[in-house]
Amino acid sequence: MSLAQPSAADRKKADALYQEALNAYQRWDIEEALKQFQAAVKLAPNRAEYHLSLAQALARAGDFDRALRALANYLRLEPNSPVAGRVEQLFASGMDPVEQHLTAKMKAAQLPLDLIGAAIQMWMEFRITLGAEPLSIPKPEAWAAALDYTVRKVNLHDIPLAKLAAIYDISQDTVSKHHQTLVKMLDIMPCDYRYFTGEKNPLDKLVEAAELLDQLEARFHED
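Numbering (our numbering), first residue to last: 142 to 364.
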C-alpha cells in the first residue's frame with residue numbers, strides 16, 4: 142500500500158489520538174474509541190497498528206463489515222505479519238476447521254441455528270479482538286467445544302462441562318481454559334446481548350429497574 146508519509150506534526154497528533162483511543166477502548170467507551178481511532182487513521186493511514194486497533198473496536202461494536210475492511214488495510218500494510226494467516230482466514234468463503242467442528246456438533250445436538258450463528262459470531266469477534274496476539278489451534282475441536290460451552294451458558298442452556306467435553310472428545314481442563322480465555326478477551330457476561338438469542342433477555346429487567354430507579358431518584362430530589 143503506497144501512502145503519502147504524514148508530517149511530523151501529524152504523526153505526533155495521531156499518536157496522541159491513538160493513545161486516547163486505546164484508553165477509551167480499555168474502559169469500554171467504544172463510541173469514543175472509534176472516534177479517536179478513525180481520527181488517528183486519517184492523520185497517519187500508513188500505521189498498520191492503527192488499522193488493526195480500529196478493526197478491534199469495530200468488532201466490539203458489532204460492525205463486522207467495517208472491521209474486515211480495516212483488517213484488509215492492515216494486511217496491505219503488513220502482508221508478512223506473524224498473524225497474517227489468521228487474519229486472512231477471516232476473509233475465506235468457507236468455514237474454518239473450528240467452525241466445521243462447532244457446526245457439526247451443535248447441529249447433532251439439535252441446537253437452534255441462531256445459537257450456532259451466535260457461536261460463529263463469537264469466534265469471529267474473538268479472532269479480531271486478539272489483534273496481533275498469536276493463536277495456537279493444534280486441535281480445532283478444543284476451541285469449538287469452548288465456543289459451544291460458552292454460548293450455551295450465555296443463553297442459559299447450561300450443560301455439564303464433563304458432558305460437553307466428552308461430546309468433543311476434549312479434556313475438561315482444556316475446554317475450561319479456552320472458555321475462560323473467551324470470557325476474558327470478549328468480556329462476556331451472562332445473557333450478553335451480543336450472543337443472546339432468546340426473545341426476552343433477562344437483562345432487560347435490570348435495565349428497566351435502573352431506569353426506574355433514576356426516575357425515582359430524580360423525583361425524590363425535586364423541590
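All C-beta atoms, glycine included, are put in the ideal place defined by N, C-alpha and C.
Residue burial classification, residue i (beta-carbon count within 10 angstroms, cutoff 16)
i: Val373; result: Examination of residue 373 is not possible in this model, given that the chain is present from 142 through 364 alone.
i: Glu340; result: exposed
i: Gln197; result: buried
i: Leu305; result: buried
i: Ile311; result: buried
i: Phe232; result: exposed
i: Asp355; result: exposed
i: Tyr290; result: buried
i: Arg201; result: buried
i: Leu297; result: exposed
i: Lys346; result: exposed
i: Ile329; result: buried
i: Trp169; result: exposed
i: Lys318; result: exposed
i: Ala225; result: exposed
i: Glu282; result: buried
i: Glu240; result: buried
Beta-carbon spacing of residue i, residue j below 9 Å
i: His192; j: Tyr159; result: no
i: Lys176; j: Ala162; result: yes
i: Leu185; j: Arg152; result: For the record, residue 185 in the displayed sequence is Ala; it is not Leu. Yes, they are a contact pair.
i: Ile308; j: Ala286; result: yes
i: Phe267; j: Leu212; result: no
i: Pro253; j: Lys294; result: no
i: Phe205; j: Met265; result: yes
i: Asn187; j: Pro147; result: yes
Own chain residues within Cβ distance below 8 Å of residue i, not counting five before or after
i: Asp255; result: Thr338
i: Ile257; result: Leu243, Thr244, Met247, Lys248
i: Ala150; result: none
i: Ser222; result: Ala189, Tyr215, Leu216, Val228, Ala273
i: Ile300; result: Tyr290, Arg293
i: Leu323; result: Met263, Phe267, Ala287, Leu288, Thr291, Ile329
Own chain residues within Cβ distance below 7 Å of residue i, not counting five before or after
i: Val182; result: Tyr191, His192, Leu195
i: Asp237; result: Gln230
i: Phe361; result: Residue confidence is low: Phe361 scores 42 on pLDDT, short of 50, so the model does not pin down where it sits. No coordinate-derived value is stated.
i: Gln313; result: Leu302, Ala303, Ala306
Residues near residue i by beta carbon distance below 6 Å, same chain, minus five either side
i: Ala259; result: Val292, Tyr336, Thr338
i: Tyr166; result: Ala174, Ala198
i: Arg207; result: Leu199
Practice item. Could you tell me which uninterrupted alpha helix (DSSP H) segments, each at least 4 residues in length, are contained entirely in the region 154-225, listed from first to last along the chain? Key: 171-184, 189-201, 205-218
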